[in-house]
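What follows is one structure encoded as structure tokens, with my remarks underneath.
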Amino acid sequence: MNKMKKVFLLMLTLSCFLFGCSSQKDVKEYPSDYPDSSGYGIDDIYYPDNSGQKILSSDIANVNYSHIDQGYVTASLNHKSEQKIKLLIRKGEKSYYYDLINQNPVAFPLQMGNGKYYLGIYENVEGDNYAMKKSLTLDVQIKDELSPFLYPNQLVDYQPGDKITSIAIDIVKKDKNDLQRIQNIYNYVVDNITYDDEKAVEATQKYLIPNLNNIIKNKTGICFDYASMMVAMLRINHIPARLICGDTDVEYHAWVEVYIEGEGWINPDIFMDKGTWTRMDPTFASSKFDYNGKYQAIYYY
């Protein structure tokens, strides 16, 4: 992967929503009247619940759908398998396929809103062919449409006691509102992760699920890791955020959207830098490269 492509490996996308700025030439003062809100502590972090008796059970894996009103299911393997096992979550024409690799329950989001969902457990039989082991159709009614973006899941995975939880709480402890928290979380990612060339090459050969513990330890990653870490830190602080995978003018890419109360989902462009609005992007910030191309979202996590 060449250097030009590397600068496109992360775009954190918020909008310049308070002042309607559309370019860096139209610089506005950084908002100071954004409403204050209390912060959160370690004990306030949301974690998925694997209790309940509503189980889609098979000989290879189980899916617990007892808490679909919170916007997620949990799933786990019953035992190690030499065959690839996948969970399919589908609503309408949109399908999400996940590799089941863990015998401990992991959350998977129901991020497509209310309605009829299809859940299926599939086992690889040969090549790219999979056999359906068990399936179920559910009428999902989520109490809060933002819930799927406040919990950890397979691609934004953190557990009680993980280092990222204490870091995420600590770096915003002096902040008075969510806008300040978003900025400090962004700055932390910019300052503490460098791009991993070797992993980028590996990612062209196989699908790599972000491991936040390793990212914190090694301080390196690719776009998927940057986005996962940013989303995790925001969710830990009760700020709804979603990891997005899609296309840029250069290649397939991962970035972030954040939900701001009163404004909705904020996506390209962000203008935030201390006292003024400027473009905000962790990879671009470190490379000093200004990308103004397209972002086409395909998957939301």
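Residues -24 to -1, 1 to 277, numbered by mature numbering (1 follows the signal peptide of the UniProt record, and there is no 0), are exactly what the sequence shown covers, in order.
No residue lacks a Cβ here, since even glycine has one placed at the ideal position from N, Cα and C.
| query | What is the DSSP secondary structure of L114, reduced to helix, strand or coil? | reply | strand
| message | Rounded to the nearest angstrom, what separates Q117 and I44 at their Cα positions? | response | 7 Å
| message | In this structure, how does DSSP classify S(-3) when only helix, strand and coil are distinguished? | response | A caution first: S(-3) carries a pLDDT of 33, below 50, which makes its placement in the model unreliable, though a value can still be read off. It is coil, neither helix nor strand.
| query | Considering S33, what are the terminal residues of the beta strand (DSSP E) in which it resides? | reply | 31 to 33
| task | Evaluate Y19 with the Cβ neighbour count: other Cβ atoms within 10 Å of its Cβ, from every protein chain shown; 16 or more gives buried, anything less gives exposed. | result | Sequence inspection shows Asp at residue 19; the Tyr mentioned does not correspond to that position. With fewer than 16 other beta carbons inside 10 angstroms of its own, D19 counts as exposed.
| Which full runs of the alpha helix (DSSP H) of 4+ residues lie inside the region 175 to 213, going along the chain? | Considered as a whole, the region 175 to 213 harbours 188 to 194, 199 to 212 as its complete alpha helix (DSSP H) runs of no fewer than 4 residues, in chain order.
| Going by Cα to Cα distance, which pick from E178, G103, K109 is closest to G197? | E178
| query | Are H229 and L126 closer than 9 Å when you measure CB to CB? | reply | Inclusion of H229 and L126 in the CB contact set at 9 Å is not warranted, their separation being larger than that value.
| Rounded C-alpha distance that separates Y277 from L219 | 5 Å
| task | From the DSSP output, read off the bridge partner residues of L219. | result | V232
| message | Once DSSP output is grouped into helix, strand and coil, what is the label at N168? | response | helix
| request: Report yes if the C-beta distance between W241 and Y271 is below 9 Å; otherwise report no. | output: no
| field | alpha helix (DSSP H) segment containing S123, residue limits | value | From DSSP, S123 is part of no alpha helix (DSSP H); its letter is neither H nor E.
| task | Please say whether Y72 and F84 have beta carbons closer to each other than 9 Å? | result | yes
| message | Given this structure, state the Cα-to-Cα distance separating Q29 from V226, to the nearest angstrom. | response | One C-alpha to the other measures close to 46 Å.
| query | Who pairs with R66 in a beta bridge, going by DSSP? | reply | S71, Y94
| Apart from the five residues on each side of it in sequence, which residues of its chain come closer than 7 Å, Cβ to Cβ, to K149? | G15
| Classification of D245 by the beta-carbon crowding that lies within 10 angstroms, buried from 16 upward | Since pLDDT at D245 reaches only 44, below the 50 mark, its modelled position is unreliable, and no value is offered.
| With burial defined as no fewer than 16 other Cβ atoms inside 10 Å of the residue's Cβ, what is the status of G103: buried or exposed? | exposed
| said: Do I185 and I77 count as a contact pair if the criterion is CB distance below 9 Å? | reply: Less than 9 Å divides the Cβ of I77 from the Cβ of I185.
| S52 lies in the alpha helix (DSSP H); which residues open and close that run? | Looking at the DSSP string, S52 is not in any alpha helix (DSSP H); the run it does join, the beta strand (DSSP E), is 48 to 53.
| field | Close Cβ partners of K119 (< 6 Å) along its chain, the five nearest in sequence each way excluded | value | Correct list, in chain order: D45.
| query | What are the residues that DSSP puts in a beta bridge with V39? | reply | L32, A51
| query | Taking the C-alpha atoms as reference points, what is the distance between A217 and E121? | reply | 12 Å
| For the candidate residues V234, K62, A51, whose alpha-carbon lies nearest to that of I207? | It should be pointed out that residue 207 corresponds to Val in this sequence rather than to Ile. Among V234, K62, A51, the Cα nearest to that of V207 belongs to V234.
| query | What do you get for A51, buried or exposed, if any count of 16 or more other CB atoms within 10 angstroms of its CB means buried? | reply | Around the C-beta of A51, 16 or more other C-beta atoms lie within 10 Å, and the residue is accordingly described as buried.
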